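The numbers in the sequence shown follow the working numbering, run straight up by one, and end at 276.
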Amino acid sequence: MALSRGVVVMSSRSEGLTPIETVALAERLSKALQDARVPVALSPEEANSRLGPERRPELCQARPECLAERGRVLGVGAVVALDSSKVFDDLPMRVMLLDSRQGRVVLRRSYTVSGAQVAELDTAFREVSQEIQKSLTALPGFEQTPPADAPREPAPVVLTPEPVQAPSPALTASSQPSRLPVYLTRGGAAVAGGTAVFFLVRGLLQASQLQEEVSSGASRWTYAQATGLRDGANRQLLLAGVLAGAAGVLLGTSFLLPSPESVNETPAAGAR
Numbered sequence: 005m006a007l008s009r010g011v012v013v014m015s016s017r018s019e020g021l022t023p024i025e026t027v028a029l030a031e032r033l034s035k036a037l038q039d040a041r042v043p044v045a046l047s048p049e050e051a052n053s054r055l056g057p058e059r060r061p062e063l064c065q066a067r068p069e070c071l072a073e074r075g076r077v078l079g080v081g082a083v084v085a086l087d088s089s090k091v092f093d094d095l096p097m098r099v100m101l102l103d104s105r106q107g108r109v110v111l112r113r114s115y116t117v118s119g120a121q122v123a124e125l126d127t128a129f130r131e132v133s134q135e136i137q138k139s140l141t142a143l144p145g146f147e148q149t150p151p152a153d154a155p156r157e158p159a160p161v162v163l164t165p166e167p168v169q170a171p172s173p174a175l176t177a178s179s180q181p182s183r184l185p186v187y188l189t190r191g192g193a194a195v196a197g198g199t200a201v202f203f204l205v206r207g208l209l210q211a212s213q214l215q216e217e218v219s220s221g222a223s224r225w226t227y228a229q230a231t232g233l234r235d236g237a238n239r240q241l242l243l244a245g246v247l248a249g250a251a252g253v254l255l256g257t258s259f260l261l262p263s264p265e266s267v268n269e270t271p272a273a274g275a276r
């Protein structure tokens with residue numbers, strides 16, 4: 005009688021592992037078998053779902069004839085049984101390949117890896133998967149043709165360069181520097197300069213009036229009034245100087261700010 009196609013991974017026994025860890029180990033071994041081109045018919049989770057709680061592989065307690073019977077129920081040609089435990093940070097594991105027809109152990113391997121080293125676990129599963137693939141080739145009656153839902157190699161990815169698109173006019177316009185800062189600084193310079201001229205003229209007029217009184221020898225102001233007029237003239241001249249300096253700073257700053265004209269002229273000069 006010819007065996008059915010495909011294999012399935014079953015967790016035959018686990019000690020010190022949570023149910024999630026047990027399923028994760030079985031799934032990882034199943035993935036390693038697929039990578040070794042072993043025709044995996046069912047995932048461990050799907051196999052457990054089909055068997056139901058009354059036929060859970062753990063109930064077999066790693067007995068080969070019991071696990072082979074579970075394989076025949078699933079219609080697979082071989083069973084890969086994983087017996088695992090957790091001792092501190094180590095994972096002692098025993099892997100068996102069973103002929104589902106006869107319940108015979110075809111291959112048996114033992115490994116102990118560190119639970120914290122995923123690379124060691126993958127290496128162990130890769131090595132045993134390659135041995136299982138060779139053993140299945142020599143197993144009488146086992147068909148190597150993968151089932152219809154077995155994983156296939158992904159199609160090659162063809163990278164086609166996309167043409168470079170010109171930037172949107174709206175984006176180009178928005179990337180140009182605004183003239184508003186230039187206008188504001190130059191406008192501020194004009195206002196400061198005009199105010200400086202105003203205070204300068206007023207200060208000079210007051211100083212001129214005082215000078216005329218001194219030259220004539222007669223004054224129509226009292227001493228306190230003359231002192232106030234002199235102080236007022238000095239303040240006017242001081243404000244004129246401060247505002248003139250501010251106007252100069254603002255005007256110089258306006259020439260340092262970027263403008264659309266300066267940006268457009270730079271590439272043109274480089275092209276020449």
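Cβ atoms here follow ideal geometry from the backbone N, Cα and C, with glycine treated the same way.
Quantities reported herein were computed from a predicted structural model and do not represent experimental measurements.
TODO: Report all residues from its chain with a CB closer than 6 Å to the CB of E124; omit the five preceding and five following residues, and keep chain order.
DONE: V117 and S118
Task: Where P23 falls, given that 16 or more other Cβ within 10 Å makes a residue buried - done: exposed
Open item on the list: Just verifying my parser: in three-state terms, what is the DSSP assignment at E269?
Closed with: Interpretation of E269 is limited by its pLDDT of 47, a score under 50 that renders its predicted location unreliable; no figure is taken from the coordinates.
- [ ] Would you mind sorting N52 into buried or exposed? The rule is 16 or more other CB atoms within 10 Å of its CB.
- [x] buried
- [ ] Using only alpha-carbon positions, find the residue among A228, G249 and L188 that is nearest to V201.
- [x] G249
Task: Classification of A28 by the beta-carbon crowding that lies within 10 angstroms, buried from 16 upward - done: exposed
Task: Cβ-based neighbour list, R17, same chain, cut-off 7 Å, excluding 5 preceding and 5 following - done: E62, Q65, A66 and D87
Open item on the list: Using only the alpha-carbon positions, how far apart do G75 and V110 sit?
Closed with: 14 Å
Open item on the list: Along the chain, where does the beta strand (DSSP E) containing E19 start, and where does it finish?
Closed with: V11 to E19
Task: Proximal residues to R54 (C-beta, below 7 Å), its chain only, five neighbours per side dropped - done: L78
Task: Beta-carbon spacing of V11, V83 below 9 Å - done: yes
Open item on the list: When you compare the CB positions of L208 and L233, do they come within less than 9 Å of one another, or not?
Closed with: no
Task: Terminal residues of the beta strand (DSSP E) in which P96 lies - done: D94 to D103
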